[in-house]
Structure formats: C-alpha cells, structure tokens
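Final position of the sequence shown in my numbering is 1561; the numbers increase by one with none missing.
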Amino acid sequence: MDNTDEIHRTTASGHYTLRSTAFWSFLCTQFLGAFNDNYFKQMVLLTCVGAGAVAAQNSAVAADPTVPGLPWKEIAMAAFALPFVLFSGLGGFLSDRLSKTSVIAGCKLAEIGIVGIGLAILLIPGLSTAAQLSALIFVLALMGTHSAIFSPSKYGVLPELFRADCLLPVNGAVQMTTFLAIIFGTVCAGIALDLIRSQLWISSLVALLIATAGSASSLLIPRIAAADPQLQLRFENLALPRSVLTILFRDRFENLALPRSVLTILFRDRHLLRAVLVYSLFWFLGGVVQMGMNTLGEASLQLSKTRTSVLVAGIGFGIAVGCLLAGLAGRGSRRWTVIGAWLLTLALAATALLGSGQFGKPASAGRAAGEESITASLFACDLLEWLLRADMVVLGIAAGLFVVPVQVFLQAAPPSELKGRVLGVQNLMTWIGILLSAAFSLIVGISLKLAVGPDADKQHQWVLFALLAAMMLPVAAFYRLPDRSPVAAQTN
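Okay, here's the thing in structure tokens:
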C-alpha cells in the first residue's frame, strides 16, 4: 500500500470527533486566522473613518494634502473583497486538486509573509497619512487574496475530517469561534488605535505574531488526500466568472464562466442556488453593517474608537451565541432560519431608530480617548449606548441562527467530487456580496449628500440600516431551507 492509499484509508473517511487533536488544531488555526483578518480590517476601517473626518473638516482638500478627500472606508472594504471575486474559483480548484490540509498550511505560511510586508512598509520613516492608508489597504487586499484561496479548503475539509454525526456541532463550533475572533479582533483594533495612535507598525507586529501562531497550529491538522488529483487547471479557474454569459450562450462561453459541472448542479437544484444567494446576501448585509456601524459610532454618535469597536464586536458576540444555539438545535435548526431572518429584520430596524437622533446622543459623545480609561470605555455607558450594544448582540444572535443551517446545507448538498468547486462558487458569491456592500454604502452616502447636505452621510447613517431592514423583509417572508438537495441525493 502506497502513501496515498494510506492517507485515504486513515483520514478520508471522516472519522474524527470533537475530542480529537484534529478538531482542536483546526479550531485554533481558523480562530487565529479570523482574528487577524478582523483585527487588521477593523484597524484599517477605523483609520479610514478618521481620515475621512479630517478631510471633511477642511474647506478644501488642498488644505491638507496628506489626507485626500477619498472614500477611504469603501476603498478599503472593496480592496479586501475584490480578491475573493477574482480568486475564489482558483481557491475551489486548489481545494479539489491538492490536499485541503496542505492548502490550509500553505495559506497560513503566506499570511506571515503578507503581514510582514505590512510591517516593513509601516516602518519606513516619513510616510504621509495617505501613504500609510494606501499601504494598509494594499496589505488588506493581499490578506483578502490569501483568505479567498484559504476558505474553500477551510470549509470543504470538514466533511472529510469529521464524522457525519459531528458535522453540525463542528460547524457550530467553527462559526462560533469565527465570530469570537471577530469580537476580540474588532475590540483589540479599537483599543490599539486609541492607545498607540500614530504608531501603526505596532499593530502590524501584533498581527505578525498571530499569523505565526496560526501557521504553527495548522501543521497539527491531519493530512487529507486530494479529492481529484488529476483535475486540470483551466482558464475558468483563474478568470472572473461570467455565469450570465453561460446562461445566455451555453457552450460558446464555457471557458469564460464557472465550471459547467458546477453550473449544472446549481441550475438543476434551485434549493442549492437559493442557498448560495441567501448566504451571499447575509455577507452583503454583514459588510454594510460593519462599515455603517463604524461610521454611525465614530462620526454620527461621536464615540471613541474603542466604544465604536465594542458596538461592532457586539455583533460578533451575538453571532457566536446564535451559532452555538443553531449547532445545539440539531436537525430542527432549519426552523431557526425563519426566526433568525425575522429577528434580524427587527434588529436592523431598531438600529435605525436608535441611531436616528430621536433619542439624542450617548453621554460619552465627543469624549476623547485620553479622557477616560479603557475600562470606562468598555463598561461606563448610559442607557442609549447600552441599548445600542444590546441591539447589536440581538442582531448577531439572529444572524447566527440564520446562517449555520444554510452553511451546513451548502456543505452537505453538493456531490463529493464537486464539493470544493461548489464551495469555491459559494465563496465567490459571498465576496461579490461584500464587494457590493462597499458600492452600496458609497451610493447611499452620495445620495444622502446630494439630497440633504455634505455631512448627511454621517448625520443620517441610520438610513442605511433602515434600507437593510427593508431588504431582509422578503427573505424573512419567503425563504425556507430544505432538508436536503434533491440533485445531490440523486448524484451521491
């Protein structure tokens, strides 16, 4: 028996449980990766909000050439999301062509190099604010590229590592720790910026240490054999997918679009297609909410970066709880997609109401970071700020209840030989949603400025959340997750 056969025999059967080293090493790897992504992204977004505020205070952009009047926040989010659109197909291909655990380990090594580039750039003396922002956004784009290739293997390896009866609780644990990483990463970014202020290189050094720890833990994940080692690399795995052209012109544009086998599954199985689209909508909402809450907290309500980050982190805490509840609910968790969708709609509407100014601003509004301790920033709040924090937690719980059953369905429904590529398509659609969230946020901001005034996007950021609540209404009213994909049931 050769090594490949041994790998198939010992690991491809998916026999690991929640008590295994495989589970804990995987959980640690993905937690540290998610922490780093959110720590670095929140640091960049808060820096961009601050730069936008500085530019807005000047009557002319030329008054401060180091902070050009650009939509830095939207540029940063787009820079992080665009690589997922461009390289998710490649990530899906690699997850089928190579061992998924080898792809995971390689991506974690690449993360060390990417964060190291950011640290090296920020150590260059004399960089202007605009140059620092550009460098941070460049590194953020590289991290997006790394994550685009990493994600299909991260999720696709779960059914190959773990027993079928463990898959739902494993997914609940993965989603829970992912959003715990969002909590800690987001809060730590706000605290770090309030403490270090202009010393951004220190934040990059912290990210480098975290990337190193994540790379070490990835080496403990048991190796899994490649699902399709003979799979050939084609242009369709590298190019920007054009699925609309495939629908219109079929075979003529096969090499420009998504793999035909994946399209066949998606368009034969409307339940699978709807799940992919709903999952993409979920992350579209997440992208808009994160940008919107940063602006609502720091610009509209005039909270410190730490207090603003606590609001954003409350969403992550709620999602962690929601994911845990969905995992514990077992098979009945499908019903929670409906409850989660309605609760998410109500929470978004409540955010719009609380942030509209009808109840004034929090007592901590306008308080500089140096005027209060970190402990006070975390715990000393008035009723309005506590209500906002509670609303963010409820919003997160609703999102967690909604997304875990959809994620499990997307993992279980595709045929095994196409699972990696289908998850790559799911990843692609997810990040198209996040990329569109940047465009949506920018369009709403411009529309508010044109309709009300130059500062309307900050004064009326609540409108963004009202629009999101309206978007969720048809999903809550009409979307229902099936028990199993009919096409996959016939194929497997």
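Cβ atoms here follow ideal geometry from the backbone N, Cα and C, with glycine treated the same way. No experiment lies behind these values; they were computed from the predicted model shown.
Could you name the residues of the same chain whose beta carbon sits closer than 8 Å to that of Met1541, not counting the 5 residues immediately before and after it, in chain order? Leu1354, Ala1410, Leu1413, Thr1414 and Leu1417
Once the 5 residues before and after Ala1091 are set aside, which same chain residues still bring their CB inside 7 Å of it? Tyr1085, Leu1230, Ile1290 and Pro1291
Do Phe1386 and Gly1259 count as a contact pair if the criterion is CB distance below 8 Å? no
Taking DSSP as the reference, what is the three-state secondary structure of Phe1231? strand
Within a Cβ cutoff of 7 Å, which residues of the same chain sit near Arg1566, ignoring the five residues on either side of it in sequence? The first residue shown for the chain is 1070 and the last is 1561, placing residue 1566 beyond what the model contains.
How many angstroms separate the CA atom of Trp1270 from the CA atom of Val1184? 11 Å
Taking the C-alpha atoms as reference points, what is the distance between Gly1502 and His1340? 19 Å
Span of the alpha helix (DSSP H), counted from its first residue to its last, around Arg1436: First-last for Arg1436: undefined, no H or E at that position.
What's the C-alpha gap between Ala1179 and Phe1534? 36 Å
Return the chain-ordered ranges of every alpha helix (DSSP H) run that is complete within the segment 1211–1291 and spans a minimum of 4 residues. 1227–1230, 1236–1265 and 1269–1287
Taking the continuous alpha helix (DSSP H) assigned at His1084, which residues delimit it? Careful: His1084 lies outside any alpha helix (DSSP H) and carries neither H nor E.
Which two residues bound the contiguous alpha helix (DSSP H) that contains Leu1356? Looking at the sequence itself, residue 1356 is Gly, so the reference to Leu does not match. From DSSP, the alpha helix (DSSP H) with Gly1356 extends over Arg1339 to Thr1364.
Give me the Cα-Cα distance between Thr1135 and Ser1349, rounded to the nearest whole angstrom. Confidence in Thr1135 is poor, its pLDDT being 47 and thus under 50, which makes the residue's placement too unreliable to answer from.
Local Cβ density within 10 Å of Ala1103, reported as buried at 16 or more and exposed below that: buried
For Arg1403, which residues of its own chain have a beta-carbon under 6 Å away from its beta-carbon, when the five flanking residues on both sides are left out? Pro1474 and Leu1550
Could you tell me whether the Cβ atoms of Ala1145 and Cys1176 are closer together than 8 Å? no
Roughly how many whole angstroms lie between the Cα atoms of Thr1198 and Arg1343? 43 Å
Our contact map puts His1529 next to Leu1517 with C-beta atoms below 8 Å; I'd like the distance itself, whole angstroms only. 5 Å
Within 8 Å, strictly: CB atoms of Gly1187 and Ser1286: no
Near Leu1288, what residues of its chain come up, given a Cβ to Cβ distance below 7 Å and the 5 sequence neighbours on each side ignored? Ala1174
Assigned secondary structure, Cys1450 (DSSP; H/G/I helix, E/B strand, else coil): coil
Give me the Cβ distance between Phe1156 and Ile1218, rounded to the nearest whole Å; I'm assuming they're in contact under 8 Å. 6 Å
Straight-line gap, Leu1101 to Thr1255 (C-alpha atoms, nearest Å): 13 Å
Is Phe1095 buried or exposed, if buried means 16 or more other CB atoms sit within 10 Å of its CB? buried
Would Val1243 and Lys1169 qualify as a contact pair, given that the criterion is a beta-carbon distance under 8 Å? no
CB contact flag (Lys1430, Gln1495, <8 Å): no
Residues in the same chain with beta-carbon distance under 7 Å from Thr1281, minus the five sequence neighbours each way, listed in chain order, please. Ile1181
With Lys1430 as the anchor, note down where its alpha helix (DSSP H) starts and where it stops. Taken as a continuous stretch (DSSP letters only), Lys1430 belongs to no alpha helix (DSSP H), as it is neither H nor E.
Where Phe1109 falls: helix, strand or coil (DSSP): helix
How long is the line joining the alpha carbons of Ala1276 and Asn1105, rounded to whole angstroms? 6 Å
Test item: CB-CB of Gln1111 and Val1345 under 8 Å: no
If Ala1147 sits next to Leu1504, beta carbons under 8 Å apart, how far is it from one beta carbon to the other, in whole angstroms? 6 Å
Could you check whether Val1172 and Leu1497 sit closer than 8 Å to each other, using their CB atoms as the reference points? no
For Ile1293, which of helix, strand or coil comes out of DSSP? coil
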